[in-house]
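>
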DNA sequence: TTAAATTATTACAAAAATGTGACGACGGTA
DNA sequence: TACCGTCGTCACATTTTTGTAATAATTTAA
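Protein chains in written order, with the working numbering: chain A, 38 to 272; chain B, 38 to 272.
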């Protein structure tokens, strides 16, 4: 049974009719959908919550879909979101230009069945990398499928937030996150809590990790926190 | 993490009490604020100095806030200023119409904390940071992503100021900085500290770098300091 | 060489940042 | 209903960082 949390697809198109059609088709296929009618709105949605995949219309007023994709690619946080470009163009040149930034493209008119199929294909080959593969450092192991964390084969009891924190850390080792970034990516961009709340949850995470493993989560003074591996210290 | 020059927020509202409340809240959050009580005044303020973000009341006499936003969007100079619409309307129609021109909207009554949070979120995503590549000279390596510095793979414990100092030096090798320049670029242009304080921090940086690497930071007598690489000396 | 100018070093107290425990709120559940 | 786990926030403790002044060391100019 593939009852993971449903994938979220962000549909970016200026025509509401197309958005609606796609939304219905995708929701029937078991996806969650979010819509945006322009690039600015899309960026806002993304800031609020990272989608698992995006369908972007090539031709849009102001910022074109292509330009939106380029901007997404430049930002490390969004660079890995799989993209499907929706285009009416059939020319080879356009195809190639589009593929440089997109993972796939579909020319209008298109069959919904085909779209869904391609979408699933892309998710199949892009998600296992980050989301479903267990991450492991030393004897600490995080299993995204079972949402379980084990240390030396002992199961750790993590709260939901602790789990997401650890997952973010373990999938981005040696990267410092500010409290704001953590709030954005663990809590979600649309939740407003005190920055210091992060400290408390770091504390709780460290506590459940135990004395040995808690060293993995380091304080970066004046900045935030970092999951550090493979470095020697000389303090 | 607000060591950048303070952002300026232009508040446009016909009710002075609301303007004042917003101004106080925002200034407590570290922003500079400018106020305007109508669209004309707002345009004047903008002409005098471009704000980093605007909060605009939807309902205003004469030109409505929405109309003001539209005019701003039409002008290339002001089109990219992020906008937050302040509105009492809750209807879906209003939301959608508003979002076409604004980056976000907040319905009255609103929580100041939420407003500040959203405002920061908008600034965060409209001011994308450049891609940060590690800098490396010899066995000294500074990693902006992890905010860590290693010497021969040993992690150095730098304080925030030491880190920023070293980052400035390493990204501008062989360039001499005066103490004033260092204060501007490491401390930020809006703080007042003694010039001699720089000396102390240089000393601290040299100390944490260790005897070998401390030679990299050279004193330029009568001028300031310089990060020197690839040069041999024969005094 | 000496005196003046400049920088290095040290110590210390204030300020800032982070760690920590506790409390109440909230939703789910027996 | 009461219980339980989780969460956000606060108050207070602890640690680190920072600015400054005092003093030592060094360089420069005459």
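Each residue gets a CB set at the ideal place from its N, CA and C atoms; glycine is no exception.
No experiment lies behind these values; they were computed from the predicted model shown.
From which residue to which residue does the alpha helix (DSSP H) around residue 236/A run?
Its alpha helix (DSSP H) spans residues 233-250.
> With distances taken between CB atoms, is the gap from residue 118/B to residue 87/B smaller than 8 Å?
Yes. Within cutoff.
> Note down, in chain order, every chain A residue with its Cβ under 9 Å from the Cβ of residue 141/B.
By Cβ distance, chain A contributes 81.
> Measure from the C-beta of residue 38/B to each C-beta in chain A and report whether the shortest distance is under 8 Å.
The pLDDT assigned to residue 38/B is 40, lower than 50, so where the model puts this residue is not dependable, and the model offers no usable value.
> What separation, rounded to the nearest whole angstrom, lies between the Cα atoms of residue 219/A and residue 84/A?
Between residue 219/A and residue 84/A, the C-alpha separation is close to 13 Å.
> Within 10 angstroms of the Cβ of residue 211/B, are there 16 or more other Cβ atoms? Answer buried if so, exposed if not.
Looking at its Cβ environment, which holds fewer than 16 other Cβ atoms inside 10 Å, residue 211/B is exposed.
> Going by DSSP, name the residue or residues bridged to residue 215/A.
Answer by DSSP bridge pairing, in chain order: 261/A.
> In the DSSP assignment, the alpha helix (DSSP H) including residue 83/A goes from what residue to what residue?
From DSSP, the alpha helix (DSSP H) with residue 83/A extends over 76-85.
> For residue 39/B, name the three-state secondary structure that DSSP assigns.
Any answer about residue 39/B is weak, because its pLDDT of 37 lies below 50 and its placement is not dependable; what the coordinates show is given next. Residue state, collapsed to three classes: coil.
> Counting Cβ pairs, one atom from each stretch, are 3 or more of them under 8 Å apart for the region 172-181 of chain B and the region 223-235 of chain B?
No: fewer than three Cβ pairs fall under 8 Å.
> Just mark residue 77/B as buried or exposed, buried being the case when its beta carbon has 16 or more other beta carbons within 10 Å.
By the neighbour-count rule (16 or more Cβ atoms within 10 Å), residue 77/B is not buried but exposed.
> On the CB-based measure, 16 or more other CB atoms within 10 Å of its CB, does residue 266/A come out buried or exposed?
Label assigned to residue 266/A: exposed.
> Please state whether DSSP places residue 178/A in a helix, a strand or coil.
It is a strand residue.
> Just checking: is the beta-carbon of residue 247/A within a distance shorter than 8 Å of some beta-carbon in chain B?
No, residue 247/A does not count as interfacial toward chain B.
> Is the region 239-251 of chain A in contact with the region 194-211 of chain A, if contact means three or more CB pairs nearer than 8 Å?
Touching, yes.
> Just verifying my parser: in three-state terms, what is the DSSP assignment at residue 157/B?
Note: residue 157/B maps to helix in three-state DSSP.
> Between which two residues does the alpha helix (DSSP H) holding residue 116/B run?
Premise fails: residue 116/B is in no alpha helix (DSSP H) and is neither H nor E.
> Touching or not, the region 256-266 of chain A and the region 179-192 of chain B, by the rule of three or more beta carbon pairs under 8 Å?
The region 256-266 of chain A is in contact with the region 179-192 of chain B.
> Could you give the first and the last residue of the continuous alpha helix (DSSP H) run that contains residue 91/A?
Element bounds for residue 91/A: not the alpha helix (DSSP H) but the beta strand (DSSP E), 90-94.
> Report the three-state DSSP secondary structure of residue 111/B (helix, strand or coil).
Three-state result, residue 111/B: helix.
> Got a sec: is the Cβ-Cβ distance from residue 259/A to anything in chain B below 8 Å?
Interface residue, yes.
> In chain B, which residues lie with their C-beta within 9 Å of the C-beta of residue 154/A?
Simply none; closest approach about 32 Å.
> Residue 202/B and residue 156/B: beta carbons closer than 8 Å?
Against a cut-off of 8 Å, the Cβ pair of residue 156/B and residue 202/B comes out as no contact.
> Under 6 Å Cβ to Cβ from residue 133/B, same chain only, skipping five residues before and after it: list those, please.
Low confidence applies here, because residue 133/B scores a pLDDT of 45, under 50, leaving its location unreliable and the question unanswered by this model.
> State the start and end residues of the unbroken beta strand (DSSP E) segment that holds residue 66/B.
Where residue 66/B is concerned, there is no enclosing beta strand (DSSP E), given that its DSSP letter is neither H nor E.
> Report the three-state DSSP secondary structure of residue 195/A (helix, strand or coil).
DSSP places residue 195/A in coil when its eight states are reduced to three.
> Which residues of chain A have a Cβ atom closer than 9 Å to the Cβ of residue 210/B, listed in chain order?
What residue 210/B touches in chain A: nothing, since even the nearest Cβ is about 23 Å away.
> Which residue comes first and which comes last in the beta strand (DSSP E) that contains residue 47/B?
Residue 47/B -> beta strand (DSSP E) spans 45-49.
> Could you give the residue range of the beta strand (DSSP E) that holds residue 186/B?
Segment 185-188, the beta strand (DSSP E) holding residue 186/B.
> State the Cα-Cα distance for the pair residue 120/A and residue 153/A, rounded to the nearest angstrom.
Spanning the two alpha carbons is a distance of roughly 13 Å.
> Can you grab the Cα-Cα spacing for the pair residue 151/A / residue 124/A, in whole Å?
Answer to the nearest angstrom: the Cα atoms are 14 Å apart.
> Can you confirm whether residue 150/B, when its beta carbon is compared against all beta carbons of chain A, has any partner nearer than 8 Å?
Yes, because at least one Cβ of chain A sits closer than 8 Å to the Cβ of residue 150/B.
> Could you list which residues in chain A have their beta carbon closer than 8 Å to that of residue 175/B, in chain order?
Within chain A, no residue comes near residue 175/B; the closest Cβ sits about 17 Å away, beyond 8 Å.
> Grab me the residues of residue 73/B's own chain with a C-beta within less than 6 Å of its C-beta, minus the 5 sequence neighbours each way, in chain order.
Excluding positions up to five away in sequence, the list reads 49, 79, 82.
> Using the C-alpha atoms, what's the distance from residue 57/B back to residue 65/B?
Distance between the alpha carbons of residue 65/B and residue 57/B: 12 Å.
> So which residues of chain A does residue 197/B contact, with C-beta pairs closer than 8 Å?
Within chain A, the residues near residue 197/B are 258, 259, 260.
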